[in-house]
């Protein structure tokens with residue numbers, strides 16, 4: 001039996017019929033076609049699936065799609081409406097904050113939640129915040145640099 | 001995951017009714033343990049009763065010398081609450097040490113203690129601070145709430161509403177986290193009250209437990225030296241890939257000493 005779920009995805013009100021067991025990430029990727037949000041581990045450890053739910057970063061593989069009823073969801077696709085990258089995306093490009101790029105959307109969405117709470121995070125605070133994001137290319141050093149630069153660029 | 005019916009009550013009484021009517025219902029709080037458990041097909045409820053619309057179960061308030069945390073309050077909210085940071089910073093530290101930011105944004109205190117994971121942090125706060133767990137039908141003392149591995153005194157269709165923490169004179173929570181999961185390999189809450197000293201240990205045994213010998217010794221002399229020769233027998237402790245029982249026994253004394261040292 002399916003249920004209808006209606007939510008605000010990246011500024012647009014969208015609906016889909018889903019089973020109760022459908023995960024939020026499956027709704028975003030498979031039903032609504034936005035594949036920027038990735039599924040890495042599917043066990044809520046890697047953070048490749050991080051999106052914003054009502055402004056907070058959440059692992060979308062660990063939330064049911066039906067739980068998102070009436071909520072505001074933002075994915076990586078919401079950041080750059082045109083060819084111009086969001087300052088955080090630009091910082092990842094400038095600082096080689098990605099290698100294979102698989103973890104990047106989740107890390108950027110996670111980083112933007114950090115910057116919303118703490119506009120000038122220290123290196124230690126960035127590293128602690130990234131506890132929930134894994135980069136299996138192990139490129140953390142440049143990811144931390146990119147987040148720091150991105151946070152500064154967002155203040156301008 | 002197996003399929004199930006999804007229900008989203010708008011009141012506490014409706015939530016309890018749904019649970020009573022369901023063939024095999026489970027309450028869904030933050031879902032940080034339950035949803036991964038469903039994905040692994042370790043449980044197959046007929047219905048999930050999502051508590052996220054129950055506003056009465058969210059929030060933090062103070063009544064005289066008691067800090068009351070609603071069951072659906074997230075770890076991030078506990079960690080960020082100024083009143084907790086002022087009155088009971090050990091609880092802020094504990095909440096801030098759970099999992100990662102995304103887990104803290106969704107996970108709740110009620111879900112954590114109802115699940116009673118042996119390596120969860122909140123059980124150490126509930127028992128170490130002598131809290132009272134308020135459910136929809138009664139109050140349960142911390143010392144009788146946790147009854148075993150993933151077992152609590154909660155009955156069928158009983159739901160945690162809020163947790164009431166008496167504010168101590170001083171308290172500290174020190175844990176040795178698993179570096180990957182941030183679950184407690186061992187975590188120790190040390191708290192001093194006007195007429196009571198409590199030492200509670202999570203992560204080490206099948207469920208949280210107190211260490212009466214340490215509590216007595218600290219009552220006579222509140223210093224790390226007072227407990228340095230007191231150890232918990234490794235016989236009843238957990239042993240797994242992360243740590244041997246012997247190592248956990250060692251950590252209990254080390255962390256308890258650090259807890260005392262942090263607040264004197």
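Chains as they are written, first to last, in my numbering: chain A, 1 to 156; chain B, 1 to 264.
From the three backbone atoms N, C-alpha and C, an ideal C-beta is built for every residue, glycine too.
All values derive from a computational prediction rather than experimental measurement.
Consider the Cβ of residue 29 of chain A: report whether some Cβ of chain B lies at a distance smaller than 7 Å.
no
Quick one: is residue 176 of chain B near chain A, going by C-beta distance under 7 Å?
no
Go through its chain and collect everything with a Cβ distance to residue 94 of chain B's Cβ below 6 Å, but skip five positions before and after it.
121, 125, 173
Residue from B:246, B:203, B:223 whose Cα sits closest to the Cα of residue 261 of chain B:
The candidate whose alpha carbon is nearest that of residue 261 of chain B is B:223.
So, under 8 Å CB-CB, residue 18 of chain A and residue 9 of chain A are touching, yes? Tell me the CB distance rounded to an integer number of Å.
With a Cβ gap of about 13 Å, residue 18 of chain A and residue 9 of chain A do not count as contacting.
Go to residue 9 of chain B, then tell me how far its alpha helix (DSSP H) extends in each direction, as first and last residue.
Membership of residue 9 of chain B in any alpha helix (DSSP H) is not indicated, and neither H nor E is assigned to it by DSSP.
Along the stretch 217-229 of chain B, what residues have a CB closer than 8 Å to any CB found in chain A?
Legend: CB atoms of the stretch 217-229 of chain B lying less than 8 Å from CB atoms of chain A are not found in any residue.
Which residues, in order along the stretch 4-25 of chain A, keep a beta-carbon less than 7 Å from a beta-carbon of chain B?
19, 20, 21
When you compare only the Cα positions, how much space is there between residue 252 of chain B and residue 171 of chain B?
16 Å
Touch check for the stretch 70-84 of chain A and the stretch 143-154 of chain A: three-plus C-beta pairs under 8 Å?
no
Three or more C-beta pairs closer than 8 Å, one from the stretch 139-148 of chain B and one from the stretch 203-211 of chain B: is that the case here?
Because the criterion of three Cβ pairs below 8 Å is met, the stretch 139-148 of chain B and the stretch 203-211 of chain B touch.
Show which residues of chain A have a CB atom less than 7 Å away from the CB atom of residue 25 of chain B.
Within 7 Å Cβ-Cβ: nothing; residue 25 of chain B doesn't reach chain A, min ~13 Å.
Closest by C-alpha distance to residue 59 of chain A, when choosing among A:71, A:101, A:46, A:76:
A:46
Consider the Cβ of residue 1 of chain B: report whether some Cβ of chain E lies at a distance smaller than 7 Å.
No chain E appears in this structure, whose protein chains are A and B.
Spatial distance of residue 187 of chain B from residue 42 of chain B (CA atoms)
Those two C-alpha atoms are separated by around 27 Å.
Residue from B:156, B:238, B:65 whose Cα sits closest to the Cα of residue 25 of chain B
B:156
Are at least three pairs of beta-carbons, each pair with one atom in the stretch 54-69 of chain A and one in the stretch 97-105 of chain B, less than 8 Å apart?
Inter-segment contact for the stretch 54-69 of chain A and the stretch 97-105 of chain B is present: three or more beta-carbon pairs are separated by less than 8 Å.
Helix, strand or coil for residue 25 of chain A per DSSP?
helix
CB contact check: residue 44 of chain A to chain B, cutoff 7 Å
yes
Three-state secondary structure (DSSP) at residue 30 of chain A?
helix
I'd like to know if the stretch 7-14 of chain B and the stretch 94-110 of chain A are in contact, where contact means that at least 3 CB-CB pairs between them fall below 8 Å.
no
In the DSSP output, what is residue 173 of chain B paired with across the bridge?
B:189
Note down the Cα distance separating residue 64 of chain B from residue 71 of chain B, rounded to an integer number of angstroms.
20 Å
Interface residues of chain A around residue 130 of chain B at Cβ under 7 Å?
Within 7 Å Cβ-Cβ: nothing; residue 130 of chain B doesn't reach chain A, min ~30 Å.
Which residue comes first and which comes last in the alpha helix (DSSP H) that contains residue 260 of chain B?
Where residue 260 of chain B is concerned, the enclosing alpha helix (DSSP H) stretches over 245-263.
Continuous alpha helix (DSSP H) assignments of at least 4 residues falling wholly in the stretch 14-66 of chain B:
34-39
For chain B, find out if any of its Cβ atoms is closer than 7 Å to the Cβ of residue 106 of chain A; answer yes or no.
no
So what does residue 56 of chain A bridge to, in DSSP terms?
A:53
Classify residue 61 of chain B: buried if its beta carbon has 16 or more other beta carbons within 10 angstroms, exposed otherwise.
The residue is exposed, with fewer than 16 neighbouring Cβ atoms inside 10 Å.
Considering only the alpha carbon of each residue, which of A:153, A:66, A:126 lies closest to residue 94 of chain A?
A:153
What does residue 158 of chain A reach in chain B if we use C-beta pairs closer than 7 Å?
With chain A covering only 1 through 156, there is no way to say anything about residue 158 of chain A.
Put residue 119 of chain A into one of helix, strand or coil per three-state DSSP.
The three-state secondary structure of residue 119 of chain A, taken from DSSP, is coil.
What residues in its chain sit with their C-beta under 8 Å from that of residue 6 of chain A, if we drop five residues either side in the sequence?
13, 14, 15, 69, 70
Please tell me whether residue 58 of chain A has its Cβ less than 7 Å away from any Cβ of chain B.
yes
Whether residue 65 of chain A touches residue 24 of chain A by CB criterion (7 Å)
Residue 24 of chain A sits close to residue 65 of chain A, with the two beta carbons spaced by under 7 Å.
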